[in-house]
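J.: Numbering (this note's numbering), first residue to last: 771 to 947.
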């Protein structure tokens with residue numbers, strides 16, 4: 771079974787160049803990754819993420835992977851997806867990625883559902899579509915989720931509304947608060 775859906779795996783070499791450039795400008799994440807390689811604090815942790823699939827996100831994913839995490843990544847914004855980065859993540863880092871630049875709405879939500887198939891322990895979201903899909907479409911998976919993160923103000927507003935209705939089933943850190 772193919773554990774990814776990306777535009778073209780042959781774009782990985784271009785993605786590698788862009789990843790390395792971004793990585794060279796992120797010294798703190800490089801230091802954390804070096805520590806994570808040794809300590810493996812995320813061993814046996816499944817992380818479903820719905821984020822902008824960019825070179826910067828790829829560096830973050832490499833850190834989580836070095837820490838022992840099993841990751842499935844989908845795009846939070848199909849227009850910002852970098853297809854060469856998706857190829858690099860799949861081919862070089864062996865991360866499950868479900869993202870194609872310009873994907874339509876149907877594919878977008880199919881990709882989110884694919885990212886949730888790993889039965890997450892942690893969610894990382896940008897806009898709350900992943901968390902909303904988990905709660906509305908696959909609630910049986912929530913029992914294994916210990917927490918999550920949300921990147922955007924819009925997502926935080928959605929999650930606070932869920933919390934107010936008492937339907938948000940696990941704690942989420944609003945990253946920008």
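Beta carbons: idealized from backbone N, C-alpha and C, even for Gly. Computed from a prediction, not measured in an experiment: that's the story for all the values here.
Between the Cα of residue 796 and those of 891, 829, 931, spot the shortest distance and give me the residue it belongs to.
T.: Locating residue 796 in the chain shown gives position 26, where the first residue counts as 1. Of the listed residues, the one whose Cα sits closest to residue 796 is 829.
J.: Can you confirm whether the segment 901 to 909 touches the segment 918 to 931 when touching is taken to mean that 3 or more C-beta pairs between the two stretches lie within less than 8 Å?
T.: yes
J.: So what's residue 867 in DSSP terms, helix, strand or just coil?
T.: As a working mapping, residue 867 is identified with position 97 in the chain shown. Three-state DSSP puts residue 867 in a strand.
J.: State the DSSP-derived secondary structure class of residue 920, mapped to helix, strand or coil.
T.: Along the chain shown, read from residue 1 onward, the residue named residue 920 stands at position 150. Strand at residue 920.
J.: With a Cβ-Cβ cutoff of 9 Å, do residue 844 and residue 819 count as a contact?
T.: In the chain shown, the residue the question calls residue 844 occupies position 74. In the chain shown, the residue the question calls residue 819 occupies position 49. In this structure, the beta-carbon distance from residue 844 to residue 819 falls below 9 Å.
J.: By the 10 Å Cβ neighbour count, where 16 or more other Cβ atoms means buried, how is residue 778 classified, buried or exposed?
T.: As a first step, residue 778 is located in the chain shown; it is residue number 8 there, counting from the start. When all chains shown are included, residue 778 counts as exposed.
J.: When burial is assigned at 16 or more other CB atoms within 10 Å of the CB, is residue 785 buried or exposed?
T.: For this step, residue 785 is matched to residue 15 along the chain shown. Its Cβ being crowded by 16 or more others within 10 Å, residue 785 is buried.
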